[in-house]
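One structure is given here, and the rest of the page talks about it.
Numbering (my numbering), first residue to last: 235 to 369.
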């Protein structure tokens with residue numbers, strides 16, 4: 235059975251990536267294949283990587299407050315590339331008022347600071363559609 239492939243990225247100008255690296259390691263330790271893209275990524279670059287890497291999941295770490303600018307563009311690009319079945323999750327500083335808006339645009343998982351790693355791992359495992367199911 236193929237491992238779940240996850241892209242982890244820090245979009246925008248946010249320069250703090252410790253949390254993203256901690257998540258990447260936890261997902262690897264849980265048996266997932268993780269591609270960490272690093273800081274200052276664009277929606278276009280993230281979607282391109284997801285396409286090239288045949289990703290099952292895109293995980294964004296956003297602390298800058300730019301989630302309502304980045305996520306709509308990312309979701310639009312995923313749709314344009316036929317990647318609607320890629321699970322998108324976001325972690326970081328997300329105001330409660332923005333959570334329903336993100337969910338409406340297709341972001342499936344939203345994780346705030348302090349979310350236990352096991353909760354994130356379980357969520358991905360329960361909600362991802364691995365490549366074999368998508369073919």
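Cβ atoms here follow ideal geometry from the backbone N, Cα and C, with glycine treated the same way.
Within 8 Å, strictly: CB atoms of residue 241 and residue 254: In this structure, residue 241 lies away from residue 254, with their beta-carbon atoms at least 8 Å apart.
Span of the alpha helix (DSSP H), counted from its first residue to its last, around residue 259: Boundaries of the alpha helix (DSSP H) around residue 259: 252 to 263.
Simplified DSSP assignment, three categories, for residue 374: The question about residue 374 has no answer here: the residues shown for the chain are numbered 235 through 369.
Residues near residue 249 in its chain [Cβ-Cβ closer than 7 Å; skip 5 each side]: 273
Residue 331, buried or exposed, once every other Cβ within 10 Å from all chains shown has been counted against 16: exposed
Other residues of its chain near residue 309: CB distance less than 8 Å, five sequence neighbours each side excluded: Beyond the five residues adjoining it in sequence on each side, residue 309 comes within less than 8 Å, by CB distance, of 322, 339, 340, 341 in the same chain, given in chain order.
Bounding residues of the alpha helix (DSSP H) (the contiguous stretch that carries residue 284): Where residue 284 is concerned, the enclosing alpha helix (DSSP H) stretches over 277 to 287.
N-terminal and C-terminal residue of the alpha helix (DSSP H) that residue 244 is part of: Looking at the DSSP string, residue 244 is not in any alpha helix (DSSP H); the run it does join, the beta strand (DSSP E), is 239 to 245.
CB of residue 358 within 8 Å of CB of residue 344, strictly: no
Local conformation of residue 334 per DSSP, three classes: helix
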